[in-house]
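Quick note on full-length UniProt numbering: the sequence shown kicks off at 1 and runs consecutively.
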Amino acid sequence: MLELRHLNTMLAIDEAGSLVEAAERLHVTQSALSHQLKDLEHRLGVSLIVRRTRPIRFTPAGARLLVLARQVLPQVKHTETELRRLAAGRSGRLHIAIECHSCFQWLMPALDRFREAWPEVQLDLSAAFSFTPQSALVRGDLDMVITSDPVDNDAVRYLPLFRYELVLAVARGSALARGRHVEAGDLADQVLIAYPVEHERLDVFTAFLDPAGVAPASVRTAELTPMMVQLVAAGRGVAALPNWALTEYLDLKLVEAARLGEGGVWRTLYAAVRQGDETVPFVQEFMEIGRDLCFQNLSGIRRAD
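Now the structure itself:
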């Protein structure tokens, strides 16, 4: 009567808190998810959730099934990992470079979990802010690059991690936060606080300011996201940051956020690997771990095809 997909469904509903978000995590429509849930309830002869509540509440039967899902699914995943390692060999190398200053928030826990599953794989991590990492990837100096700027190259595959919105962090009470969004021209008299990399590698320029032919009054650099937020909070400028990187600072009411343009600026974060390496079992495992942790811990991100 019970299948693994049923347990995955219960776990997704619990983690997402709603059928809409759970359906998105499972890559199905909400109606398909509702139909699957009703079919399972019919098979078992018992209701599993209390409908029309947010977040969703489970019935005693649903709670018991959720306990089973939490027990069984990790064991299944662990066994699958072991089988992959036996099939492909247990050793390898994964040298990673990042082009995303905010990525440490989810990447470090992902690396810790990956080490537990693949202890024989040699891991190394570096910041790719002072060199062109895609060239190093093709040469074989690197094995993966975390980036939001794919470069057209037949030797490289870009594996999507998630989509995120780039938003503008402004001081509390700023006029820029009063409207539904800001236009590129609104930044013409602003000090833009940015990471210390070339303008052509900053999304706020390539995806927002440059297409409109607008430049900020000046640019000030800061290496760390907390430093940028403190400068913004002090009224020293504005900063364009991923929505998920700002969540804790918005909750603390240190700054406010404004949408860039009417439709917002959405970007996709990728893991770039050499052509063919996307089938390597430990690379696939790293991608699975990374995506799982991102959607467990980051707010405002979306699935990427």
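C-beta: ideal position from N, C-alpha, C; glycine also.
None of the values given here were measured: they were computed from a predicted structure.
- In the three-state DSSP reduction, V283 falls in the helix class (H, G or I).
- Taking C-beta atoms under 8 Å as the contact rule, L68 and M1 fail to qualify, at a distance of about 12 Å.
- Short of 6 Å from the beta carbon of L40, and not among the five residues preceding or following it, lie these beta carbons of its own chain, in chain order: H6.
- Linking R201 to D149 through their CA atoms gives a straight-line distance of about 8 Å.
- In the DSSP assignment, R93 falls within the beta strand (DSSP E) that extends over 92–98.
- For Y249, the enclosing alpha helix (DSSP H) starts and ends at 243–251.
- By DSSP's assignment, M227 forms no beta bridge with any residue.
- R180 is positioned such that its CB atom lies closer than 9 Å to that of E262.
- The alpha carbon of D124 has as its nearest neighbour, out of H101, H95, G185, the alpha carbon of H95.
- Contact annotation: L166 and A184 have beta-carbon atoms that are not nearer than 9 Å.
- Our two residues, Q30 and L254, have alpha carbons roughly 36 Å apart in a direct line.
- Spatial neighbours of L159 in its own chain (CB-CB distance under 7 Å, excluding positions within 5 residues in sequence) are listed in chain order as Y270, A271, V273, E278, M287.
- In the same chain as V232, and ignoring 5 residues on each side of it, the C-beta atoms closer than 7 Å to its own belong to A169, V170, A171, I193, V238, A239, V255, in chain order.
- Approximately 27 Å separates the beta-carbon atoms of L83 and D14; this is outside 8 Å, ruling out the contact.
- The C-beta distance from R163 to D203 rounds to 12 Å, too long to fall under 8 Å, and the pair is not in contact.
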